[in-house]
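Just below is one structure, and these are the notes that go with it.
Residue numbers (my numbering): 37 to 245.
Right, dumping it as structure tokens:
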């Protein structure tokens, strides 16, 4: 099986990092977010706890930079560097979450119906598809959203090729409609598919490596 081609990085999003994508801005934002999480979970405001939280946050960012530096270069489309794009994305992501929560509730009810049905009308299948989402953030959100929705589980996601387990025919049809991908594409201003072409995986060597 041929390996999917890497996506070229071109246009206004390529080139040296600028705006909010500058390394110092990104690292400060990550450390601040980790420190905020530390405060929320610990609930302590003593100086020693604050110092420990700050050191842990900075250390976590430093370790992640060392571990993952350059590992994804050229494989994904980088984000635009403008603050305006970042703010728009935050607003769109906030609007995406209630939609995803609704889909999870509906899928939960459907899976419960499947389990309680006397005939247990499941039709499991393992499928693969190529996503039009070129960014790492989009592909990660897609993989997580599929798994969070009962009836589908992301088995593998590699360079735009997804392998998903579907519990029933309805779960498979919902995946083929591409609703989740269109919503995520709208969040990050990426190309949205009209539909998703699924192919069945019947042999182990059909799984992308």
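Note that CB positions come from ideal geometry on N, CA and C, so glycine has one too.
From a predicted model like this one, the values you see are computed outputs, not experimental measurements.
### Query
Which partner residues does residue 199 have in the DSSP bridge list?
164 and 192
### Task
Using only alpha-carbon positions, find the residue among 223, 200, 231 and 137 that is nearest to residue 123.
223
### Query
What residues match up with residue 235 in a beta bridge as DSSP calls it?
164
#### Entry: Touching by the beta-carbon criterion (3+ pairs, under 8 Å), the stretch 174-184 and the stretch 90-97
no
### Query
Once you ignore the five residues that flank residue 233 on each side, which residues in its own chain have a CB closer than 7 Å to its CB?
165
### Query
CA-CA distance, residue 203 and residue 157?
Looking at the backbone, the Cα of residue 203 and that of residue 157 are separated by about 10 Å.
### Query
For the alpha helix (DSSP H) that residue 220 lies in, which residues bound it at each end?
215-224
### Query
CB-CB under 8 Å to residue 38, same chain, minus the five flanking residues each way: which ones, in chain order?
The predicted model places residue 38 with a pLDDT of 43, which falls under 50 and marks its position as unreliable; any figure quoted below should be read in that light. The answer is none, since no qualifying residue turns up.
### Message
Just to confirm the assignment, what range does the alpha helix (DSSP H) spanning residue 68 have?
### Response
59-78
### Message
Please identify the residue among 236, 73, 142 and 226 whose C-alpha is closest to the C-alpha of residue 186.
### Response
142
### Query
Would the stretch 146-153 and the stretch 188-197 be scored as touching if the rule is three or more Cβ pairs under 8 Å?
no
### Task
For the alpha helix (DSSP H) holding residue 181, just list the boundary residues, first then last.
Per DSSP, residue 181 belongs to the alpha helix (DSSP H) from 172-184.
### Cβ-based burial, residue 68 [other Cβ within 10 Å; buried from 16]
exposed
### Message
Check this for me: beta carbons of residue 170 and residue 113, under 8 Å apart or not?
### Response
yes
### Message
Which residue wins for smallest C-alpha separation from residue 218, given the options 91, 136, 102 and 89?
### Response
136
### Query
With C-beta atoms as the reference, is residue 140 less than 8 Å away from residue 199?
no
### Query
Near residue 212, which residues of its chain fall below 7 Å by C-beta distance, leaving aside the five closest residues on each side in sequence?
231, 232 and 234, listed in sequence order.
### Task
Helix, strand or coil for residue 205, going by three-state DSSP, please let me know.
helix
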